[in-house]
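K.L.:
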Amino acid sequence: MCLIAFAIGASQRWPLVVASNRDEFLDRPTLPLARWHTDAGTEVISGRDLRAGGTWLGLTPGGRLAMLTNVRGPASLTGEKSRGELVTRWLDSDAGASSFAAQIDAAAYGGFNLVLGDFKSGDWHWISNKPGPGLESRALAPGVYGLSNGALDTPWPKTLALKKALYSALAAPSEEALNGELMAALRSRQRGGRDELPSTGVPLALEEALSSAFVDFPEHGYGTRCSTLLVASAASDGWNLAVQEYTHAHLAGDPSGTQNIRLNWS
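Residue numbers (the working numbering): 21 to 286.
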């Protein structure tokens with residue numbers, strides 16, 4: 021996943037909102053959002069990467085959530101383990117974020133950002149193994165955050181634009197209106213100006229192609245594969261969650277469609 025904006029406790033009506041795009045190679049086999057079980061028996065709600073077996077955004081009916089992005093650079097960290105397995109490891113675990121982070125071998129993974137949430141404890145953390153060595157870990161206070169392929173809240177144009185859209189959407193009169201505003205922002209193909217782009221060490225043409233919220237780079241077989249919205253509304257017994265994933269078709273014959281799952285955290 022390459023772009024996320026999320027709001028934790030920033031709205032009394034919607035205590036958690038996540039808007040995200042997953043960018044990936046178009047030939048990487050993937051399953052859409054669904055309920056499934058890990059080898060340990062944990063029920064998970066997520067899409068799945070069939071090549072490495074992990075996921076980029078997932079949650080459990082018990083109240084745990086994890087979100088992942090890669091960190092971009094000219095000589096990105098490489099590792100023997102799939103970054104996506106960090107998400108399922110968190111969902112399988114009952115450890116707190118600090119204890120969980122202490123068990124991560126930073127050098128075993130390519131560069132990553134990992135956001136961990138636990139509804140029951142109210143704890144939210146951001147963890148990264150860049151710039152390294154070791155891990156950086158930070159507890160997250162209530163607020164609105166943005167994350168792409170740099171550190172948390174790095175002011176890249178598309179990250180700032182999606183955060184701005186999320187701030188605005190929190191004032192929407194209905195869940196339908198909120199979803200509409202956020203999906204429009206996730207579908208934006210507006211690229212950043214050259215003077216606004218980060219310098220991550222990749223060629224300028226690639227930096228430009230990756231600077232829009234919605235990435236469409238067919239000549240490199242790469243693009244935004246799916247957009248996901250997660251909206252939690254306050255309920256008398258906790259939070260009611262609505263998760264929507266839209267799969268984008270880039271090439272003739274590509275599947276597309278929307279998956280919707282609702283659940284309650286109490």
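Yeah, the Cβ is synthetic: ideal placement off N, Cα and C, and Gly gets one too.
Per DSSP, what kind of secondary structure is Arg-109 in: helix, strand or coil?
P.N.:
If DSSP states are grouped into helix, strand and coil, Arg-109 belongs with the helices.
K.L.:
Alpha helix (DSSP H) containing Tyr-187: first to last residue?
P.N.:
Here the alpha helix (DSSP H) through Tyr-187 covers 177–189.
K.L.:
Would you kindly work out how many angstroms separate the C-alpha atoms of Ala-229 and Pro-162, rounded to a whole number?
P.N.:
About 32 Å.
K.L.:
Where does Asn-280 fall in DSSP's three states?
P.N.:
Asn-280 falls in the strand class under three-state DSSP.
K.L.:
In the DSSP output, what is Met-87 paired with across the bridge?
P.N.:
Met-87 is bridged to Leu-77 and Val-135.
K.L.:
Could you tell me which of Val-91, Trp-110 and Arg-103 sits nearest to Gly-82, measuring between CA atoms?
P.N.:
Selected option, being the one with the closest Cα: Trp-110.
K.L.:
Which of helix, strand or coil does DSSP assign to Ala-233?
P.N.:
Looking at Ala-233 - three-state DSSP - the assignment turns out to be coil, as it is neither helix nor strand.
K.L.:
Heavy atom of the ligand ATP less than 7 Å from the Cβ of Tyr-187, yes or no?
P.N.:
Among the components modelled here there is no ligand, and therefore nothing to report on the ligand ATP.
K.L.:
Give the DSSP-derived three-state secondary structure of Arg-48 in the structure shown.
P.N.:
Coil at Arg-48, not helix or strand.
K.L.:
Three or more C-beta pairs closer than 8 Å, one from the region 47–57 and one from the region 67–76: is that the case here?
P.N.:
Yes, the region 47–57 touches the region 67–76.
K.L.:
Classify Ala-4: buried if its beta carbon has 16 or more other beta carbons within 10 angstroms, exposed otherwise.
P.N.:
The chain is shown only over 21 to 286; residue 4 falls outside these bounds and no answer can be derived.
K.L.:
Name the two residues that bound the continuous alpha helix (DSSP H) containing Ser-118.
P.N.:
From DSSP, the alpha helix (DSSP H) with Ser-118 extends over 117–122.
K.L.:
In or out: Lys-178 buried (at least 16 other Cβ within 10 Å) or exposed?
P.N.:
So Lys-178 ends up on the buried side.
K.L.:
Just to confirm the assignment, what range does the alpha helix (DSSP H) spanning Leu-202 have?
P.N.:
195–206 is the extent of the alpha helix (DSSP H) around Leu-202.
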